[in-house]
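I have placed the structure first, in the form of structure tokens, so that the comments after it can refer back to it.
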Amino acid sequence: MASRDCQVCLESYDEEKRKPRCLSCGHTLCNSCIADCLSRGPLLCPFCRLAHAAPVTYASDVPVNYTVISLLQDASYPLASQRTEALLAEVKKEANEFTTSQLVTCNCRLTRLHDFQQRLNEQCSVHRVHVQALRSLVERHEGLLRDMTGRAEQAAAIITKGEEIRSMLESAQGKVNGATNLLEVTAAHEEDRRYKTTVTEWDAAAHHLLQSQVVAAARELEFVTAAALQAVVERSMSAATAAVTPTKAIQPPLLQESAGERLSLTQQVTEPGDTSQLVLEMVKQARLVGSSVWATTMKSGRPRRARVDQQGDHLFLSALQEGEPPLYSHTLPYEKVRGMVDEDYLMVFLEVSWGGQVQGRVNIKLTNAATRTRHFFYLCTGELGPSYGGTCLLEVENRGQPGERVWGGDYQANNGTGGVAMKGFTMGELTAQPVTAGLVASFCYGSDDHRKPSHFVVYTSDYPVTYEECPVGRVDQGLDLFRSVAKVSNVRDATVSDCGLVLLV
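As structure tokens, this is what we get:
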């Protein structure tokens, strides 16, 4: 009787609600009991407590126990004879549907796997060829480098020998020219003739070296390698470059100021947040391939460039300078990067170096709209031509005393004697402000004859009961760097190695 009845509910198996189904552990339950188990959570065998091996959502997902079905169809365990054939057909249909579903899944996966395997094999073949070609290219470079190194050593030896021969010949010629009689001329000429073999051998060696094709071969290989490297750079950054949306070209603001005027140095921004993320991604990708990112533009038909880099939480746009960006670098229009400037929070930076090393950057927030502030701004960005980049710091006043301050900004002579105002800029309206540490001023030439309009001053300590009439901004980050500059024995050893804009991120 055990084979005819479900051992959980003790009801007889049938072809509908009580159809026998076999769990992965080997125990058999009816449809109804399996459904009841599923309603309480994962399908666990009520006899051995093992979980069913395959995922189950419905009772019909559990395979039918055909052995029990066969027993039920046996004459000794008769089911209703009129239902036997229908039950058999239904069981076959269910079994076929289940197997067909699994076959479809298996065939789909196998088809995709075969295709994937084929593409892998194709790419492996291609990359084997590329690796071999790159190894060959590296070997050619190494061979040429060894050859050129040897030829350079030969050239140095031949040049040294040639200079010795030239000295001897000049000496012999001097003796001929200085001779006062025929005997002296003859003796000098005989001495000169002794050098003939040496000169001939040296000339032949020099001629043979000059006939070498190693330089031409190196240039040809340089062209091939440069093209390959440029392709790698362009491919690695094509998506990021294409995604940067265009913005209107930047135009310098009007130089006139009026009461309540707001410092507006940007013209249009198209989704600055999206652009900043794209530029950040470009900088990240450039670092991965050992490259750099540059913003480029044209002025009067001449190319100009500005480096874009990230340090910490800030994105920096260096001052524009003449020339094309370096080889294998990533470029994007200057106007797109310039459009990221937040006109409500304008900030510039000065990078300070001494002792042959970059010491850090000082971020300066501009605090007013005066013409002198714009003058300072454009000397930081280089957009109108000159910039503070590469200038030395000029002087430290009140060293170690209240009101200690550091002067710089001679973009012309770089010694304190130059620094006239750029065309169209004036000091503007004076605004008295108490002197506290971090205050930055410019266009201060009125009170001191040796100060020029482009010179700037950074106060490193408070100066009680003193007012500055030409403020342009305040140090937001990095004031300790200028305090360290003030301690340098010769302040002109410290330079503004770079300057530019701090961008919205």
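My numbering puts the first residue of the sequence shown at 5, with every later residue one more than the last. All C-beta atoms, glycine included, are put in the ideal place defined by N, C-alpha and C.
Check: Hey, out of 178, 426 and 284, whose CA is closest to residue 195's CA?; Outcome: 178
Check: Please classify residue 392 as buried or exposed, where buried requires at least 16 other C-beta atoms within 10 Å of its C-beta.; Outcome: buried
Check: Looking at residue 404 and residue 458, is the spacing between their C-beta atoms short of 8 Å?; Outcome: no
Check: Considering only C-alpha positions, which residue in the set 104, 154, 8 and 96 is nearest to residue 4?; Outcome: A question about residue 4 goes unanswered here, because the residues of the chain that appear run from 5 up to 509.
Check: Go through the segment 156-239 residue by residue and report every complete run of the alpha helix (DSSP H) that reaches 4 residues or more, in order.; Outcome: 186-197 and 200-214
Check: Cβ of residue 25 within 8 Å of Cβ of residue 58?; Outcome: no
Check: Tell me the residue span of the alpha helix (DSSP H) that contains residue 379.; Outcome: 375-385
Check: Based on DSSP bridge pairs, tell me the residues matched to residue 328.; Outcome: Answer is none; residue 328 lacks a bridge partner.
Check: For residue 477, which beta-bridge partners are listed by DSSP?; Outcome: 370 and 444
Check: Compute the Euclidean distance between the alpha carbons of residue 98 and residue 118, then round it to the nearest angstrom.; Outcome: 30 Å
Check: With DSSP run on the structure shown, which of helix, strand or coil describes residue 492?; Outcome: coil
Check: When the Cα of residue 227 is compared with those of 154, 332 and 38, which residue comes out closest?; Outcome: 332
Check: Measuring alpha carbon to alpha carbon, tell me which of 116, 445 and 499 ends up nearest residue 361.; Outcome: 499
Check: Could you tell me the alpha carbon to alpha carbon distance between residue 45 and residue 66, rounded to whole angstroms?; Outcome: 15 Å
Check: For residue 302, count neighbouring Cβ atoms within 10 angstroms of its own Cβ and tell me buried if that reaches 16, exposed if not.; Outcome: exposed
Check: Over what stretch of residues does the alpha helix (DSSP H) that includes residue 40 continue unbroken?; Outcome: 35-43
Check: Is it true that the CB of residue 379 sits closer than 8 Å to the CB of residue 344?; Outcome: no
Check: Excluding the five sequence neighbours on either side, which residues of its own chain have a C-beta within less than 6 Å of the C-beta of residue 462, listed in chain order?; Outcome: 410, 444 and 486
Check: If I follow the unbroken alpha helix (DSSP H) through residue 399, where does it start and stop?; Outcome: Not the alpha helix (DSSP H): residue 399 falls in the beta strand (DSSP E), residues 395-401.
Check: Return yes when the Cβ of residue 368 is within less than 8 Å of the Cβ of residue 354, no when it is not.; Outcome: yes
Check: Excluding the five sequence neighbours on either side, which residues of its own chain have a C-beta within less than 7 Å of the C-beta of residue 430, listed in chain order?; Outcome: 375
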